[in-house]
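For reference, the structure is listed below as structure tokens.
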Amino acid sequence: MNNNQVIMSAINVSKSYYTKVSALGKAVEIKAVNRVSFDLHEGETLGLIGESGSGKTTLSHLLLKLIPLDSGEFRFSEEVNLQFRKSVQIVFQYTYGALDPLKTVRQLMIEPLKVHKICNSSAYEQTSMTLLNRVGLSEKMLDRRISEISGGQKQRLGIARALATNPKIVVLDEPVSALDISVQGQIINLLQDLKKELGLTYLFITHDLKIARHLSDRLAVMKDGAIIEIGKTESIINEPKADYTRQLIKTINRI
Ligand SMILES: Nc1ncnc2c1ncn2[C@@H]1O[C@H](COP(=O)(O)OP(=O)(O)OP(=O)(O)O)[C@@H](O)[C@H]1O
Ligand SMILES: [Mg+2]
1185 MNNNQVIMSA
1195 INVSKSYYTK
1205 VSALGKAVEI
1215 KAVNRVSFDL
1225 HEGETLGLIG
1235 ESGSGKTTLS
1245 HLLLKLIPLD
1255 SGEFRFSEEV
1265 NLQFRKSVQI
1275 VFQYTYGALD
1285 PLKTVRQLMI
1295 EPLKVHKICN
1305 SSAYEQTSMT
1315 LLNRVGLSEK
1325 MLDRRISEIS
1335 GGQKQRLGIA
1345 RALATNPKIV
1355 VLDEPVSALD
1365 ISVQGQIINL
1375 LQDLKKELGL
1385 TYLFITHDLK
1395 IARHLSDRLA
1405 VMKDGAIIEI
1415 GKTESIINEP
1425 KADYTRQLIK
1435 TINRI
């Protein structure tokens, strides 16, 4: 058991989308997240795995309050609640156009500092440099445009932006899946180091059970909007309870 304090509890959270069927004009309900409950413990990495369309991104956007819930609730520790917008951050898959290619690294670093009033404008430069250095980027990058930096560098920049607010919980949605294998390894090592250094708690979303296994203290397996299995990583891998999980594990064993 992880005896650390519970930093977030999801209690029966649900979210449906409705799509129109053009011929009948009737709305069809997609239960993207269906009565999901789980806890996040302070300092852990919880890997959220499951096939495409199983509801992983929707669940994380609900947790971040980026979209409204239909029912259920998220409870956060008092410390997180006090400054929710700063305390819970997300790192997207930055390599796919999530960052404006015409902006400079400097402009993108200043954004979160401004929005969250992290420091005075006179300290923007120094704070940006410190954050870039923390993710292994040189301050020489400040005047580069996004279109002029590599996929791995974009991902590092995305991480630096998320760290600007000194978060407690970081949601990572497929942060390495668009990168070459060697760059994937570098970013994963960086994430591990940052977690230790800054005492972060991660919700790590991935299709890749191999990466999830390597990084996660616990795994949650999502299927059709529900968490069908959750537990310590090695218990899930060695003694999966659900057929679906068994199939997923077969897939990695073949790789
Ligand atoms: N804005 C939306 N409008 C309508 N349906 C949506 C919307 N966003 C997601 N969905 C549907 O909700 C379900 C869950 O989608 P979600 O993006 O959460 O899955 P996912 O597990 O993150 O998939 P992937 O691994 O491909 O990123 C899918 O059936 C998807 O088509
Ligand atoms: Mg997704």
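Count along the sequence shown starting at 1, add 1184, and that's the number in my numbering.
Ideal placement from N, C-alpha and C gives every residue a C-beta, glycine not left out.
As the structure is a prediction and not an experimental result, all values here were calculated from the model.
- Task: Check whether the Cβ of T1241 lies closer than 6 Å to any heavy atom of ligand 1, and answer yes or no.
- Result: yes
- Message: Give me, in chain order, the residues of the same chain whose beta-carbon lies closer than 6 Å to that of M1325; leave out the 5 immediate sequence neighbours on both sides.
- Response: Cβ neighbours of M1325 beyond the five flanking positions: V1289.
- Could you tell me which uninterrupted beta strand (DSSP E) segments, each at least 3 residues in length, are contained entirely in the segment 1323-1378, listed from first to last along the chain? 1353-1357
- Would the beta-carbon of G1237 be found less than 6 Å away from any heavy atom of ligand 1? yes
- Query: Under a three-way DSSP split, which group does I1214 fall into?
  - Reply: strand
- Query: Relative to the alpha-carbon of I1214, which residue among E1226, S1238, S1312 has its alpha-carbon at the smallest distance?
  - Reply: Nearest option by C-alpha distance: S1238.
- Item | Buried or exposed (CB count within 10 angstroms, at least 16 for buried), G1342 | buried
- Cβ-based neighbour list, I1294, same chain, cut-off 7 Å, excluding 5 preceding and 5 following: Y1308, S1312
- Message: Which same chain residues end up closer than 8 Å to T1203 when comparing Cβ atoms and leaving out the 5 residues on each side of it in sequence?
- Response: Its chain contains A1211, V1212, I1214 as the residues whose beta carbon lies nearer than 8 Å to that of T1203, once the 5 sequence neighbours on both sides are disregarded; these appear in chain order.
- Query: Which residue spans inside the segment 1188-1260 form an unbroken beta strand (DSSP E) run of at least 3?
  - Reply: 1190-1205, 1210-1225, 1229-1233, 1255-1260
- Item | Alpha carbon of M1185 to alpha carbon of I1195, nearest angstrom | Confidence at M1185 is low in this model, with a pLDDT of 45, below 50, so its placement is unreliable and the value that follows should be read with caution. Cα atoms of M1185 and I1195: separation of roughly 20 Å, rounded to the nearest angstrom.
- Going along the chain, which residues of its own chain have a beta-carbon closer than 6 Å to the beta-carbon of R1219, five neighbours each way excluded? Around R1219: N1196, S1198.
- Task: Could you give the DSSP three-state label for A1410: helix, strand or coil?
- Result: strand
- Task: Measure how close the beta-carbons of F1222 and I1411 come, nearest whole angstrom, since I'm counting them as under 8 Å.
- Result: F1222 to I1411, Cβ: 6 Å. Contact.
- Alpha-carbon to alpha-carbon, L1230 and L1399: 8 Å
- Item | Expected contact under 8 Å - CB spacing of I1330 and P1285 to nearest Å | 5 Å
- Task: Could you check the C-alpha separation between Q1267 and S1361 for me, to the nearest Å?
- Result: 30 Å
- Task: Could you tell me if K1298 is buried or exposed, where buried requires 16 or more neighbouring beta carbons within 10 angstroms of its beta carbon?
- Result: exposed
- Residue range of the unbroken alpha helix (DSSP H) whose run includes L1387: Careful: L1387 lies outside any alpha helix (DSSP H), inside the beta strand (DSSP E) at 1385-1390.
- Query: Where does V1272 fall in DSSP's three states?
  - Reply: strand
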